[in-house]
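Have a look at the structure below, then the notes.
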């Protein structure tokens, strides 16, 4: 009975971990496959007849202000490049009296 119980617990943990896994995008995947896997956090930045660029928030601060973005570049419906870009942070200026 304990072997069956351990098997069920291990299987449940494995199922939980695989269900919460990070999405991986591979160079060469189709644009439609990409859009179907990433439905909510995705913005079309630029589109022409030959290429498209999508952007999604990669990291945000506690106020939900984006800290970095992932850009995905498609040529003729195929993913050809990805890029992680951090948002510029304003310089702090201290004025002395």
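Residue numbers (UniProt numbering): 1 to 97. Glycine residues also receive a C-beta, built at the ideal position from the N, C-alpha and C atoms.
query = Are residue 57 and residue 45 touching if we call contact CB-CB under 9 Å?
reply = No, Cβ-Cβ distance for residue 57 and residue 45 is not below 9 Å.
Check: Do you know how far the Cα of residue 33 is from the Cα of residue 27?
Finding: 12 Å
Could you name the residues of the same chain whose beta carbon sits closer than 7 Å to that of residue 30, not counting the 5 residues immediately before and after it, in chain order? 77 and 78
When you compare each of 92, 89, 25 and 50 to residue 37 by their alpha carbons, which one comes out closest? 25
What is the DSSP secondary structure of residue 4, reduced to helix, strand or coil? Three-state DSSP puts residue 4 in a helix.
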